[in-house]
Amino acid sequence: MVWIYGGGFYQGEIQRYPGKYLLERANKIGMPIVYVAMNYRLGIYGFPPGQAAADAGGLNLAFKDQRLALEWVHKNIGYFGGDPSKVTIFGVSAGAMSASYQSFYNKGDIGQLFRGMILESGSPTTVNAAQPNDPVREAAFQFIANATGCLNSAVPFECVRNAPADLLSQANKDLFVVEPYYRAIGQAPTIFGPTYAPNDEFFTAPIPQLMHSGKFAKIEFISGTLLDEGTVFVDGPGTSIEGDQDIIKWLTARFPGLYFGISNVTAVKELLSLYPTSPAAGSPYGTGNETFGRGAQYKRFASLFGDLTFQAPRRDFLRSAAKFGVPTWSYIFKERSLDYPLEYGIAHGSDTSFVMQTWGMSTSNASPAAIDLMETIGDYWINFAYYLDPNPRGFPRRKFWPQYGEAKDVLQLLASNMTIFEDSARAKANDFIIDGHGLYS
């Protein structure tokens, strides 16, 4: 099982995810695994922006790093007791996006490097891919070139590549700075992420176009999200989401540190009309009219953001896979983690402590129900790695998890109520997002 960490493509490290819990659980149920985690270049190092980077062959370097790590695993995992023909890649957030992107390598001809994926809060269209000459990415390169004294160089990309490490590091940090109004707890999306170009190894065209035409590896996968994915991305010390104009300003922002790639205000307004203004309908869901001291439209925007970047992309990939006969499973995580305050609900990333036993989560401070949920998730994940089916074939018995299929069956991951339900929440809004409607024109 090969782990790819998240962090918005600008932060992250493998030390945070030692894999100890999964290894122990796998041994306990008699299904030992080999756990591998990889580092990869981030920020301007993994995603150098602009046409100059493309001309120098510098597109999507982070994904090439990941591909190289998977090639190493394929060649060497046998020396560690692993089976190179039974590799499952999994990750959270940008790590889940990365895992999905690996399936797009060479239009889906991935060369047997892995056979399954577990995507935790990340899908191929979670962030918008752009062309190298996208104006905001070009502006980002100009910023970096200026910060490193390379703006007037005859070969600015080579100049930046050879700039002093301290200047590059500072430019990488400064590029993300946005005014407090736009600064959320989880700052995303940014300019860092996938780029498409005619000769790229991963993306020769916009990702929705590739996905809908089946240019990805037809391998089994699990894809899931949390109930309140959007909350941490629309709240910060200086944010105040009071009305439609605030939401429109955010979605059409054109900064390297906040960039959805959306320019069609008419489409944004139509999308907004599909989300009620009442706080009771917003996220965190199930909290009534409480706004937690935030702006009047905080919960409405959190709901929209969660759908735009997580729920709709998850459904879109699952539907695309189904069209090509790929077996898939989906879940919605609804267990609250004490790592997050009430105003963030079942927040993005809070399931990681149940999957990887991170962020202070341990059997010493967890309830019996939480421990059982951790073990249940571990059993599903490990069985999927073994059999490309999350359902245990022996002990311990778990809730049967049907494939997503035409019924759109989703497993609710909640300690007190593990159940199957139809994936139909806010269907009209999510279908609007999936259908495009010029949001990214």
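With positions in the sequence shown counted from 1, the corresponding number in the working numbering is that position plus 30.
Idealized CB from N, CA, C, for every residue including glycine.
If you're wondering where the values come from, they're calculated on a predicted model, not measured in any experiment.
Residue environment analysis places valine 66 among the buried positions, since at least 16 neighbouring C-beta atoms fall within 10 angstroms of its C-beta.
Rounded to the nearest angstrom, the gap between the Cα atoms of methionine 241 and isoleucine 463 is 15 Å. Using a Cβ distance threshold of 7 Å, leucine 334 and tyrosine 374 do not count as a contacting pair. By alpha-carbon distance to tyrosine 226, the top candidate from Pro219, Cys189, Gly424, Pro162 is Pro162.
Judged by beta-carbon spacing, alanine 310 lies beyond the 7 Å limit of threonine 261, meaning their Cβ atoms are not closer than that value.
In the displayed model, alanine 396 falls within coil according to three-state DSSP, outside both helix and strand. The DSSP assignment places 274–281, 295–302 as complete runs of the alpha helix (DSSP H) inside the region 267–323, in order along the chain (cut-off: 4 residues). DSSP places leucine 197 in the uninterrupted alpha helix (DSSP H) bounded by 195–204.
Taken in chain order, the complete beta strand (DSSP E) segments of 3 residues or longer contained in the region 105–188 are 118–122, 146–150. Look at the beta carbons and you see the region 72–86 touching the region 167–174: at least three pairs across the two are nearer than 8 Å. Look at glutamine 239 here: in three-state DSSP terms it is helix. Counting of Cβ neighbours within 10 angstroms places phenylalanine 110 among the exposed residues, the total staying below 16. Here phenylalanine 144 is buried, its C-beta having at least 16 other C-beta atoms within 10 Å. Between methionine 147 and isoleucine 119, the CB-CB gap stays under 7 Å. Annotated three-state conformation of aspartate 461 is helix, per DSSP. Around the C-beta of leucine 98, fewer than 16 other C-beta atoms lie within 10 Å, and the residue is accordingly described as exposed. By the beta-carbon neighbour count (other beta carbons within 10 angstroms, threshold 16), leucine 372 is exposed. Only buried fits lysine 364, as 16 or more other CB atoms lie within 10 angstroms of its CB.
Glycine 468 is classed as exposed because its beta carbon has fewer than 16 other beta carbons within 10 Å across all chains shown. If you draw a straight line from the Cα of glycine 408 to the Cα of aspartate 85, it is about 44 Å long.
When DSSP states are grouped into helix, strand and coil, methionine 61 belongs to the coil group. Taking the C-beta atoms as reference points, serine 133 is found nearer than 7 Å to alanine 247. According to the DSSP assignment, tyrosine 361 belongs to the beta strand (DSSP E) that extends over 358–363.
One thing to note: phenylalanine 347 has its Cβ within 7 Å of the Cβ of proline 154. Assignment of glutamine 96 by DSSP, reduced to helix, strand and coil, places it in the helix class. Comparing C-alpha distances from methionine 31 to each of Arg427, Gly38, Phe425, Lys50 shows the shortest one belongs to Lys50. About 6 Å separates the Cβ atoms of glutamine 217 and glycine 287, confirming a contact at the 8 Å cut-off. The shortest C-alpha to C-alpha distance from glutamine 41 to any of Gln275, Gly125, Ala56 is the one to Gly125. A Cβ-Cβ separation of about 7 Å places isoleucine 362 in contact with leucine 443 under the 8 Å criterion. Shown here for phenylalanine 93: same chain residues with a beta carbon closer than 6 Å to its own, the five before and five after excluded, namely Tyr131, Phe232 in chain order. Pairing isoleucine 412 with aspartate 164, the inter-Cα distance amounts to about 41 Å. Restricting attention to Ile215, Thr282, Ser308, Gln275, the CA atom closest to the CA of glycine 268 is found in Ile215.
Apart from sequence neighbours up to five positions away, the residues of its chain that approach phenylalanine 425 with a beta-carbon distance below 8 Å are Ile59, ordered along the chain. If you look at glutamine 442, you'll find it in the beta strand (DSSP E) that goes 439–443. Threonine 382 places its beta carbon less than 7 Å from that of valine 122. DSSP, reduced to helix, strand and coil, places methionine 404 within a helical segment of the structure shown.
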